[in-house]
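Residue numbers for the sequence shown, in mature numbering (1 follows the signal peptide of the UniProt record, and there is no 0): -19 to -1, 1 to 113.
Following: one structure in structure tokens, then a few remarks.
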Amino acid sequence: MRKLILVFAIVSLFPSTAAANSAVRLYKKSHYQIEWCRDKNGVAGYPLPEGSRVDCLLEDYAVEFGYADEWAQCIGLALYHAQVTGRDPACGLIMEHGEPDEKFLKRLLISIKDSSHRWRVWKVEPDIIDGE
């Protein structure tokens, strides 16, 4: 019994491989935001009256950036920023891990599918920064 408890205690100290991989970030979110927004001629870090900022304000869209595993937060902030700015909501989903991140993109797309808003989703990949 003691061995079983010890094994459980040791295993619980180490996060699962999937969780560990999702937390590995190649670049800061701001790097993606600034490069992408510059490429689209948007305004990066557009300030809102209450003190928060839109990651990238385009003519028609308020774009929120988020890593793939933070897809739900991206939806929520994009909706809020769209409401405050009078733009349509958009997510720049940062896809650093290729195929493993596709499941998060799928979840995002399913969640906004029947929305009354005119959503836009962009896949943002590391090559925007490292020039590949």
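Cβ atoms here follow ideal geometry from the backbone N, Cα and C, with glycine treated the same way.
Please read these numbers as outputs of a predicted model, since none were measured by experiment.
Cα-Cα separation, residue i to residue j
i, j, result
"E40", "R68", "8 Å"
"Y27", "W103", "19 Å"
"V24", "F46", "13 Å"
"I91", "M76", "17 Å"
"Q14", "Y8", "11 Å"
"G79", "S33", "30 Å"
"K94", "K87", "10 Å"
"residue 125", "H12", "What the structure shows of the chain is the stretch from -19 to 113, and residue 125 is not part of that stretch, so it cannot be assessed."
Of the residues the options, the one placed nearest residue i, counting alpha carbons only
i, options, result
"D108", "E16, L86, Y48", "E16"
"R99", "E80, Q14, P70", "P70"
"Y61", "L38, M76, R88", "L38"
"A59", "L89, E77, M76", "L89"
"N22", "K10, Q54, Y42", "Y42"
"E31", "C18, I110, T66, K94", "T66"
"F85", "C55, R19, A63, V44", "C55"
"W52", "S11, V35, Q64, D82", "D82"
Three-state class that DSSP yields for residue i in the structure shown
i, result
"D95", "coil"
"D108", "helix"
"E45", "strand"
"L39", "coil"
Bounding residues of the alpha helix (DSSP H) (the contiguous stretch that carries residue i)
i, result
"K10", "10 to 20"
"residue 158", "The chain is shown only over -19 to 113; residue 158 falls outside these bounds and no answer can be derived."
Cβ distance (whole Å) where residue i is taken to contact residue j below 8 Å
i, j, result
"A49", "L29", "Not really, about 25 Å apart at Cβ, beyond 8 Å."
Beta strand (DSSP E) segment containing residue i, residue limits
i, result
"V102", "101 to 105"
"L7", "Unbroken run through L7: none, as it is neither H nor E."
"A25", "24 to 28"
"P70", "69 to 75"
Residue i Cβ short of 7 Å to the ligand HEM heavy atom set
i, result
"E16", "No copy of the ligand HEM occurs in the structure displayed, which carries no ligand at all."
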